[in-house]
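Before any comments, here is the structure.
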Amino acid sequence: MLMSTRPLISDQEADALVGALRRRTLLGASVAAGGIMATPLAAFAAAPAAAPEAEITVDQARTAPIPIIIPDFGGGLGQQMAEVLTNDLNNTGLFKVIPGASSAAKPDFATAKGLGAHAQVTGSVSGSGASVRVEIRLWDVLTQQQIQGTAYTTSSANWRRIAHIVGDVIYERMLGEKGYFDTRIAFISRSGPRGHQRTRLAIMDQDGANARMLTAGNWLTLTPRFSPVKDQLAFMSYANNRPRVYLFDLNTGRQQILGDFQGISFAPRFSPDGRSVLLSVTRNGGSDLYSVDLGSGARRQLTASGAIDTSPCYSPDGSQIVFNSDRGGSPQLYIMPAGGGNAQRISYGHGTYGSPVWSPRGDLIAFTRIAGGMFSLGVMQPDGSGERIMTEGFTVESPSFCPNGRVLAYCRQSRAGAGGSGFSSTIGMVDITGFNDRVLPTPEGASDPAWSPLNG
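Residue numbers (the working numbering): 383 to 838.
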């Protein structure tokens, strides 16, 4: 089981308190969850008083990544943990990791300052066989203060997850926002020729590690979506040549059909409380949006426009739904109350719009736009204002926000040549400002990424 090392405060409170958090030791009650025991470490004797350091914001870190020293924690497993932690921080583009010598004690602050570091991690990894103990301390170099100290005891198999958890702690302490490293991404794994690809439901850690296939690839599989409260996925499968939405239990591997509609059901999305699923169902040449209660199986029809209504997504508070519809003549984005009713169009830029997804923060809606034969991935505010394009390509689609709303995973596909040559399908990641656009490693071709909540 895992202790929550994150303070139980809102993002707004965290933003206001981040300066103070970075200049004092955070100690709290030990809690356990997920096979990992975590306990707070007492601070070393206080250093001489230093002038307070200015708060570092995410915007500042984009321009000038935070220099931080990460040691190898003693070689062996400790070195492997340091590599995972280093990659997590460097991949954000917000940190610049400086390798350091192994040390479980206080840093040499003069040396750290000489290297240009703003923060330093010290720690150790001990134990053998099935059990491991990891001690980690985070230091503010300029104030010479410990700002986090935690020891983790768990099975050796959990070492990679501990590294992600430590990364989340560092991210939050340095930037005042929750991290997203201790998460997973569901996706569709693709192999074979362009026109006859095998598609398999798959899952991996957010850094591309521990990828595993969940289905055999006998049928076309698309659009996985994570439940916000259970180890469960909703996805679309063409099993037995009848396209329908299924639920997949990640603990047991059990699959079940979600609402056996007469038409094709597709484009699932869980409600914020995890009690129901939105989906689209074909009817009379169009498609309507339905909500299915997971407890009772009751269905509720939400639209009846006679058009193609699809790709629904709830707002984080569950009060509204954004979706794609061609009811106005071309595919555009609309918002309506969660129970159905009057829908208001919000997309008015050049081209057609689809694949809307609401940010966990509630402040943005990500989308795919097609104009002039080119795909774009962008965000806009829920009223349609402030549209910004983050990346473009032959095909860029299927955006999915990380839990803190700072990064989008998406699918990027290349143009195919004769016989499908040159085609590639990869998962990209990009900051919501368009910063740090990169490709996530996967075992084979990949598409349809769906980010999980933080692991419990």
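C-beta: ideal position from N, C-alpha, C; glycine also.
Apart from the five residues on each side of it in sequence, which residues of its chain come closer than 7 Å, Cβ to Cβ, to Ala-512?
So the qualifying residues of the chain are Ser-537 and Ser-538.
Short check: CB of Asn-786 to CB of Pro-742, under 8 Å?
Yes. Within cutoff.
Closer than 6 Å by C-beta to Gln-637: which residues in its own chain qualify, once you throw out the five before and the five after it? Chain order, please.
These residues qualify, in order along the chain: Tyr-628 and Phe-630.
Burial state of Ser-485 (16 or more Cβ within 10 Å):
The Cβ neighbour count for Ser-485, taken over all protein chains shown within 10 Å, is at least 16; the residue is labelled buried.
By the three-class DSSP mapping on this structure, what secondary structure does Ala-720 have?
coil
Between which two residues does the alpha helix (DSSP H) holding Asp-550 run?
That run of the alpha helix (DSSP H) goes 541-557.
Between the C-alpha atoms of Val-548 and Val-761, what's the straight-line distance to the nearest angstrom?
Going by C-alpha positions, Val-548 is about 30 Å away from Val-761.
At least three beta-carbon pairs within less than 8 Å, the stretch 790-803 to the stretch 822-837:
yes
Three or more C-beta pairs under 8 Å: does that hold for the stretch 515-534 against the stretch 470-479?
no
Between which residues of its own chain and Gly-590 is the CB-CB distance below 8 Å, once the five residues before and five after are set aside?
Leu-822, Pro-823 and Thr-824
Between which two residues does the beta strand (DSSP E) containing Gly-531 stretch?
527-537
Reduced DSSP secondary structure (H/G/I, E/B, other) of Phe-648:
strand
What residue range does the alpha helix (DSSP H) around Gly-460 cover?
It spans 459-473 - the alpha helix (DSSP H) in which Gly-460 sits, taken as one unbroken run.
Length of the line joining the Cα atoms of Leu-376 and Val-611
Residue numbering for the chain in the displayed model covers 383 to 838; residue 376 lies beyond these limits and cannot be assessed.
Can you grab the Cα-Cα spacing for the pair Ser-806 / Ala-798, in whole Å?
Roughly 8 Å between the two C-alpha positions.
What residues are listed by DSSP as bridge partners for Val-659?
Phe-652 and Val-674
Applying the criterion that 16 or more other CB atoms from any shown protein chain within 10 Å of the CB defines a buried residue, is Pro-694 buried or exposed?
buried
Helix, strand or coil: which one does DSSP assign to Met-385?
Confidence is the limiting factor: at Met-385 the pLDDT is only 35, short of 50, which leaves the residue's position unreliable, though a coordinate-based value still follows. Coil at Met-385, not helix or strand.
Look at the alpha carbon of Gln-702 and the alpha carbon of Asn-724, and state the distance between them as a whole number of angstroms.
11 Å
Is it right to say His-546 is buried, meaning 16 or more other beta carbons lie within 10 angstroms of its own, or is it exposed?
buried
Going by DSSP in three states, Thr-634 sits in which element: helix, strand or coil?
coil
Output the distance between the C-alpha atoms of Tyr-562 and Val-812, rounded to the nearest integer angstrom.
14 Å
Output yes or no for whether 8 Å exceeds the beta carbon distance between Pro-713 and Thr-734.
In contact: Pro-713 and Thr-734 (Cβ atoms closer than 8 Å).
Under the assumption that Arg-542 contacts Val-466 (Cβ atoms under 8 Å), give the Cβ distance between them as a whole number of angstroms.
6 Å
State the Cα-Cα distance for the pair Asn-666 and Gly-688, rounded to the nearest angstrom.
8 Å
Considering only the beta carbon of each residue, do Glu-779 and Ser-729 sit closer than 8 Å?
no
Out of curiosity, what's the CA-to-CA distance linking Asp-819 and Ile-639?
Cα-Cα distance, rounded: 36 Å.
Run through DSSP, which three-state label would Leu-822 get?
strand
At which residue ranges does the stretch 730-755 contain complete beta strand (DSSP E) runs of 3 or more residues, listed in the order of the chain?
734-740 and 747-753
Using DSSP with H/G/I as helix, E/B as strand and the rest coil, what is Asp-441?
In this structure, Asp-441 counts as helix in the three-state DSSP scheme.
Looking only at C-alpha atoms, which of Ile-570, Thr-773 and His-578 sits nearest to Leu-596?
It is Ile-570.
When Arg-607, Ala-593, Ser-658 and Leu-583 are compared against Ala-621, the one with the closest alpha-carbon
Minimum Cα-Cα distance from Ala-621 among the listed residues Arg-607, Ala-593, Ser-658 and Leu-583 corresponds to Leu-583.
Quick one: what does DSSP say Ala-494 is sitting in, helix, strand or coil?
helix
Taking CB distances under 8 Å as the criterion, tell me whether Ala-568 reaches chain C.
Although the question refers to chain C, the structure presented lacks it and comprises just one protein chain.
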